[in-house]
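Have a look at the structure below before the remarks.
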Amino acid sequence: MRQRKRRYQFHPRWGAIAYKTTKLRGAGVRPVAAAATGGGWLHEIKYDGYRMQARIDGGQVKLLTRTGLD
Numbered sequence: 004m005r006q007r008k009r010r011y012q013f014h015p016r017w018g019a020i021a022y023k024t025t026k027l028r029g030a031g032v033r034p035v036a037a038a039a040t041g042g043g044w045l046h047e048i049k050y051d052g053y054r055m056q057a058r059i060d061g062g063q064v065k066l067l068t069r070t071g072l073d
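Quick note on numbering: this note's numbering labels position 54 of the sequence shown as 57, and the sequence is numbered without any gaps.
Here it is as structure tokens:
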């Protein structure tokens, strides 16, 4: 019987299951006049540069951009 490749793994630091994927979807942000308020929001201001996501897999780090400038 062929074994299926695992898509989930245990994360030792967080003690949680981490989803493994090769494609990441950005947040689809847009400019606004003011940051959101309230206890359920966490944000940071982006002044310049690239918006990216970091992925650590097997001890290797990849920085992924929405437009593929990885």
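For every residue, glycine included, the Cβ atom is placed at its ideal position computed from N, Cα and C.
Asked: For the beta strand (DSSP E) holding Arg-58, just list the boundary residues, first then last.; Found: 55 to 60
Asked: From the DSSP output, in three-state form, read off Val-64 for me.; Found: strand
Asked: One question on the structure: do Thr-68 and Tyr-53 come within less than 9 angstroms of each other, judged by their Cβ atoms?; Found: yes
Asked: In chain order, what residues of the same chain have a beta carbon less than 8 angstroms from the beta carbon of Val-64, not counting five sequence neighbours either side?; Found: Ala-57, Arg-58
Asked: If I measure Cβ to Cβ from Gly-42 and keep anything under 6 angstroms in the same chain, skipping five residues before and after, which residues do I get?; Found: none
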